[in-house]
Amino acid sequence: MAAKEFKSADVASHNTEEDCWVTLSVEEGGPFVYDITKYLDEHPGGAEVLLDVAGQDATDQFEDIGHSGDARKELGNYKIGILKMSKEEIEKIAKEKEAKLLAAKNGGGMMPILAVLVVAVAIGYYVMTQ
1 MAAKEFKSAD
11 VASHNTEEDC
21 WVTLSVEEGG
31 PFVYDITKYL
41 DEHPGGAEVL
51 LDVAGQDATD
61 QFEDIGHSGD
71 ARKELGNYKI
81 GILKMSKEEI
91 EKIAKEKEAK
101 LLAAKNGGGM
111 MPILAVLVVA
121 VAIGYYVMTQ
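For the sequence shown, UniProt numbering assigns the number 1 to the initial residue and increments by one for each residue that follows.
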C-alpha cells in the first residue's frame with residue numbers, strides 16, 4: 001500500500017495543540033509527515049518546543065538536539081504519510097541547504113571579521129605599549 005501523500009499546505013493547517021503535525025527528513029525516503037498531537041504531553045522537552053514548529057518542517061530542530069535511537073524509533077508511531085513537494089519547494093530546500101553548507105564552510109562569514117578584529121586589537125596593543 002502506497003504511503004498517503006500530503007502537500008505543505010495540508011501540513012501547515014495542522015498547527016495547534018489540538019491538531020499538531022510536523023514534517024521531518026530524518027530517514028531515507030522522506031520528508032515524512034507526523035501527527036504528534038498525542039505525543040505533545042509526553043515529550044521530554046515539553047509541548048511548547050513542538051508547538052513552535054507545528055505545521056512546519058522540524059528537521060533542523062530535531063537534529064540539533066541529537067535525539068536518541070529510541071526517539072527515532074518512536075517517530076514511527078506517529079508517521080502518517082509523506083510530504084509531496086512541488087518543484088519550487090524542492091529547489092528552495094536545496095538552495096537553503098547549499099547556503100547552510102557554504103556558511104559552515106566559510107565559518108559562518110565571521111572569519112574575515114574575526115581576523116580584522118584580531119589585527120585591530122594587536123595594533124591597538126602595540127600602539128599603547130610604545
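Ideal Cβ positions, reconstructed from N, Cα and C, are used throughout, including at glycine.
Keep in mind it's a predicted model, so treat the numbers as computed, not measured.
Close-in-space but distant-in-sequence residues of the same chain around residue i (CB under 8 Å, 5 per side omitted)
i	result
residue 56	11, 12, 15, 22, 23
residue 81	3, 4, 5, 6, 32, 33
Contact check, residue i vs residue j, beta carbons under 8 Å
i	j	result
residue 78	residue 41	no
residue 33	residue 83	yes
residue 17	residue 47	yes
residue 8	residue 85	yes
Residue closest to residue i, alpha-carbon to alpha-carbon, out of the options
i	options	result
residue 31	68, 90, 54	90
residue 68	20, 26, 6, 4	26
residue 39	54, 97, 8	54
Cβ of residue i within 8 Å of any chain D Cβ
i	result
residue 101	Among the chains in the structure shown there is no chain D, since it carries only a single protein chain.
Own chain residues within Cβ distance below 7 Å of residue i, not counting five before or after
i	result
residue 136	Lying before the first or after the last residue shown, residue 136 is absent from the chain, which here runs from 1 to 130.
6 Å Cβ shell around residue i - same chain, five flanking residues per side excluded
i	result
residue 99	none
residue 43	50
_Ordered list of beta strand (DSSP E) runs contained in the UniProt domain "Cytochrome b5 heme-binding" (3-84), each at least 3 residues_ = 19-24, 32-35, 79-83
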